[in-house]
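So the structure is just underneath, and the comments pick up after that.
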Amino acid sequence: MGIAAVVSFSLIAAACGGSDDDSSDSGDTETTEATEGSESTDGGDSGETETTDAEIEEDEITQDTVAPDEAIGDPVPGGPLRYGLEADVDGLNPTSSALSSPGLMMSQAVFDSLVTYDVDGNYVPYLAESVEPLDGDFSTWQLKLREGVTFHDGTPVNAEAVQINFELQRADPLVGLAVRPYYPEADATTLIDDLTIQYNLLEPNAQFPKALTGQLGYLASPTWVAAAAEDPTLNQQPVGSGPFVFDSRSADSVTRFVRNDSWWNGSAFLDAVEFVPVTDPDSRADLFLNGDLQAMQTSNPATVEDLRSEDAIQNIIDETGEETFVMLNSQVPPFDDVRARQALAFATPKQQYLDLITLGIARSADQMFIPESKFYNPDIAQQADMPDEALALVAEYCAERGTEENPLLGTTTCSDGKINIEYQWSGPSVVGTQTAELMDQNWGNAGFNVTFDELPQDDQIQDAALGSFNAVLWRQFGAEDPVNDRVWLGCDNIGVISLNWPKFCDEARDTLMAQGAASTDEAERIGIYQEVSANINAAYTYVFLNHTIWDNAFAENVLGVCDRVAPTGESLLCVTNGRNWFDSIWINE
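FYI, the numbering for the sequence shown is 0 to 588, going by numbering that gives the first Met the number 0.
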């Protein structure tokens, strides 16, 4: 989706909602996961079932997977796993790097999260031993860490380390946008003892532990982050407490991690994990099918369908998370005017996009929830495929505001009776280019002059954060709980650098999101988020296209992907928003 690398987004996505939130695969950008619990992301954003297409019931994430032969035997150690990613990232420091889906994937090899999800979407303490509220309104929480854990460099995992990571994230120009709105300026955290830290929130959040499942919950060595502040090249050499230890990294080539035999939660089976970024989904799939990769991620529907047709491939399909849409910048002309935003929605060839780009494989999206979600609002329909209505709005807009400047293009907002806009996507990507050409043809016939801008994913994210775009193909939302998607939507997340990418402020929406965070009443929460969806629909800042299909695909002999368990024995989430974990994976030679 088009989230590039400005300042740690995955943190944002987790703080925001999973977010985050990339995509060279579908031409959209990725959301990172820094949203308050987002995890995306990235968007942004999201249990599991076997051999069925993704369905969600309540917080459960459903996944479609091919189960390996149960008679194969017990896991054995050995072998490197070469994993194809949709893009690379600018760094792997959870306190300062833009961690879209590929960055979060790599991070899950080297870092442990404080909290994780079980297969039913419930939060489970992980590196933390417990996370408990101290008062009735959920505005104060205490987190207790497990004893005896150390980072890869020998630094102890203690409450001070948690506080250092938190404060660095909060101080970061971009990552901090996912943190600062929800905490007081002073005394946001309190050290209780060596293993216990208290979080003091500005407002109640009954789902707060979910904010610690993604980038905001990845814990890095304080010794390393201090050294990286002096020497930024060290941001490429992460030091965590996870099942794998950093070995080497060559940007846009290979990042390699080797097994941590001293991991606090046991020992991984793989000797190494090697991440290989390949931005074009077809090229990535070719490498995978030829045996040059043993696993890959993709959100390109055509590639997903090709991989699903191969009997020897294990596909873990998840379409319960992120949505793909065209996102509009509401702060500058022309899309500071709702008529221009509405006109582009009317002009968008949604049905052609679904037929020609997703090949009828991806499901149409009207909002940030799939129909199986309890939060889905059945009364919402994304307006599109209405070129005549678009032309009427364009004529009205140009008559009134056509001589104003479009600051991005350096032109007037209208020329020859059409609205001038720039359309961005991340690449290089053949599918992204095909999508751009389809949009251009139809928008052009419905009153828009369109120029193109294809950017590397990191650059696209940076432009979005800085508000340097008119329209961009994006992938976002998809948090396991919508409370964590609020970072993408709130007025407090707008500034020179923003996580509310469209820079659209609606105080009524903010009030609803705060109520959703504070409530423990399911019926009330459902009503709140259905109203939030209606609010988003009426603002025309997102032109929803499809529910993103993520496939984490593995060779036939790569086993154990969905065998993760918590230290306390719960079965854990297998994949989410294009990411999986690595501690339970083994290769059957």
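Each residue gets a CB set at the ideal place from its N, CA and C atoms; glycine is no exception.
What you are looking at is a predicted structure, and each value in this text was computed from that prediction instead of being measured.
Residue i: buried (16+ other C-beta within 10 angstroms of its C-beta) or exposed?
i, result
"residue 389", "buried"
"residue 77", "exposed"
"residue 358", "exposed"
"residue 510", "exposed"
"residue 170", "exposed"
"residue 158", "buried"
"residue 537", "exposed"
"residue 328", "buried"
"residue 421", "buried"
"residue 191", "exposed"
"residue 540", "buried"
"residue 497", "buried"
"residue 311", "exposed"
"residue 550", "buried"
"residue 479", "buried"
Does any CB atom of chain C fall closer than 9 angstroms to the CB of residue i?
i, result
"residue 461", "You won't find chain C in this structure, because it holds only one protein chain."
Taking 9 angstroms as the threshold (C-beta atoms), are residue j and residue i in contact?
i, j, result
"residue 212", "residue 139", "no"
"residue 141", "residue 197", "yes"
"residue 375", "residue 532", "yes"
"residue 89", "residue 101", "no"
"residue 559", "residue 584", "yes"
"residue 582", "residue 242", "yes"
"residue 278", "residue 461", "no"
"residue 85", "residue 298", "yes"
"residue 94", "residue 168", "yes"
"residue 224", "residue 163", "yes"
"residue 597", "residue 226", "This structure cannot speak to residue 597, because the chain is shown only from 0 to 588."
"residue 130", "residue 143", "yes"
"residue 574", "residue 313", "no"
"residue 474", "residue 324", "yes"
"residue 424", "residue 454", "yes"
"residue 589", "residue 386", "Because the chain in this structure spans residues 0 to 588, residue 589 falls outside the shown range and cannot be described."
"residue 106", "residue 151", "no"
Helix, strand or coil: which one does DSSP assign to residue i?
i, result
"residue 367", "coil"
"residue 386", "helix"
"residue 581", "coil"
"residue 83", "strand"
"residue 187", "coil"
"residue 246", "strand"
"residue 616", "This structure cannot speak to residue 616, because the chain is shown only from 0 to 588."
"residue 251", "coil"
"residue 404", "strand"
"residue 45", "Low confidence applies here, because residue 45 scores a pLDDT of 28, under 50, leaving its location unreliable and the question unanswered by this model."
"residue 474", "strand"
"residue 540", "coil"
"residue 487", "helix"
"residue 325", "strand"
"residue 570", "strand"
"residue 264", "coil"
"residue 448", "strand"
"residue 362", "coil"
"residue 192", "strand"
"residue 155", "strand"
"residue 258", "strand"
Per the DSSP calculation, residue i is bridged to which residue(s)?
i, result
"residue 453", "424"
"residue 122", "116"
"residue 550", "297, 316"
"residue 413", "418"
"residue 524", "Per DSSP, none; premise fails for residue 524."
"residue 140", "132, 198"
"residue 343", "Looking at the DSSP assignment, residue 343 forms no beta bridge with any residue, so it has no partner."
"residue 545", "323, 363"
"residue 276", "84"
Once the 5 residues before and after residue i are set aside, which same chain residues still bring their CB inside 8 angstroms of it?
i, result
"residue 410", "404, 419"
"residue 104", "82, 84, 274, 296, 577, 578, 579"
"residue 260", "266"
"residue 123", "114, 115, 116, 117, 565, 567, 569, 571"
Only counting the same chain, and skipping five residues up and downstream in sequence, which positions put a Cβ closer than 6 angstroms to that of residue i?
i, result
"residue 361", "300, 545, 548"
"residue 257", "244, 246, 271"
"residue 216", "112, 113, 114"
"residue 189", "197"
Ordered along the chain, which non-local residues of its own chain (more than five positions away) have a Cβ less than 7 angstroms from that of residue i?
i, result
"residue 562", "583"
"residue 308", "none"
"residue 146", "194"
"residue 305", "284"
"residue 395", "338"
"residue 444", "386"
Compute the minimum distance between the beta carbon of residue i and the heavy atoms of the ligand SAM, and state whether it is under 8 angstroms.
i, result
"residue 148", "Although the ligand SAM was asked about, the structure shown includes no ligands whatsoever."
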